[in-house]
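Beneath this line is the structure, given in C-alpha cells, with notes to follow.
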Amino acid sequence: MSHKTITLSEEAYNTLNRLRRGEESFTDAILRKFAGSKSRNLADYVKAMKIDKETLILASDVEEIYKNRNKVKMETRDF
106 MSHKTITLSE EAYNTLNRLR RGEESFTDAI LRKFAGSKSR NLADYVKAMK IDKETLILAS
166 DVEEIYKNRN KVKMETRDF
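Reading the sequence shown from the start, the letters are residues 106 to 184 in this note's numbering.
Below is the structure:
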C-alpha cells in the first residue's frame, strides 16, 4: 500500500486525533469516518452531524445558491 504525506493545522490534527478510537491509526479513523459516505452535499453532511433544523435549512439554502451561481448574469453599468 502506498502512502501520502499531508500537512494539517494543529487544530485539524487535534480534531482528527479525537476521532481515533483507542490505538486506531489515523488512516483507520479517516476511513471509518469518511469512506463509503453517501453524503455528497452540504445538507446531507449537516443531517449526519445532527445539527438543528435552522442550520439544516441554511445549509440547504447555501447549497441551492451554489448550484445556481452560474445561472445569474452580472451586468456592469456606467454611471
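For glycine and all other residues, C-beta sits at the position ideal for the given N, C-alpha and C.
The structure displayed is predicted, hence computed values, not measured ones.
- For residue 109, the closest C-alpha among the options 180, 170, 125 and 131 is that of 131.
- For residue 174 and residue 123, the gap between their C-alpha atoms comes out near 36 Å.
- The same chain holds no residue with a CB closer than 7 Å to that of residue 139 once the five nearest residues on each side in sequence are set aside.
- In this structure, residue 117 keeps its C-beta atom at 8 Å or more from the C-beta atom of residue 125.
- Spanning the alpha carbons of residue 177 and residue 171 requires a straight line of approximately 11 Å.
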